[in-house]
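Letter by letter, the sequence shown follows residues 9 to 136 of this note's numbering. Below is one structure, written out as structure tokens, with a few remarks after it.
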Amino acid sequence: MTDPRQALGRRGEALARAHLERRGVRIVVENFTCPAGEIDLVGRTRDTLIFIEVKTRKSRAFGPPHLAVHQQKQRQIVRTAEWYLAERRMSDVACRFDVVAVTFLEDEEAPRIDWVQDAFPAEGVRVW
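Listed below in structure tokens is the structure:
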């Protein structure tokens, strides 16, 4: 049996991926995992590698989903991205960290998808 939260998360990641691909981002890795942590999606535009955290919610009770990417989570994403780059010997590539927030609301037919580009810097300090 599938955990409902995991199912919701997978659904949100699939919608986020489709949303990004329609906007020109080529997804190169899904659910990259290493000892440092996990990154939901790794995408690429022509000149930038994008590390993408997807947050999915069923209500707005706790605020926008992207606000759940707190400083500790940002640091974990940055460490995981560093691992990804080192593993692939990609030392001289432009990178950024994005958050895609997917919200399914009962009173709305389609989910709301908000793409926050350059959501935080590699130092893990929130900029929104």
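Where a beta carbon is used, it is the ideal one built from N, C-alpha and C, also for glycine. The structure displayed is predicted, hence computed values, not measured ones.
Which class does residue i belong to by DSSP, given the choice of helix, strand or coil?
i	result
LEU23	helix
ALA109	strand
ARG18	helix
ARG96	coil
Decide if residue i is buried, meaning its Cβ has at least 16 other Cβ atoms within 10 Å, or exposed.
i	result
GLN82	buried
VAL101	exposed
ALA22	exposed
THR111	buried
ASP55	exposed
ASP11	exposed
PHE70	exposed
VAL133	Residue confidence is low: VAL133 scores 44 on pLDDT, short of 50, so the model does not pin down where it sits. No coordinate-derived value is stated.
By the DSSP assignment, the beta strand (DSSP E) with residue i in it spans what residues?
i	result
ARG120	120-128
Hey, residue i and residue j are a contact pair by Cβ (cut 8 Å); roughly how many whole angstroms apart?
i	j	result
VAL50	VAL37	4 Å
VAL1	ALA130	As displayed, the chain neither begins before 9 nor continues past 136, which places residue 1 out of reach and without an answer.
Enumerate, from N- to C-terminal direction, the unbroken beta strand (DSSP E) stretches of 3 or more residues contained entirely within the region 21-93.
34-42, 45-52 and 57-65
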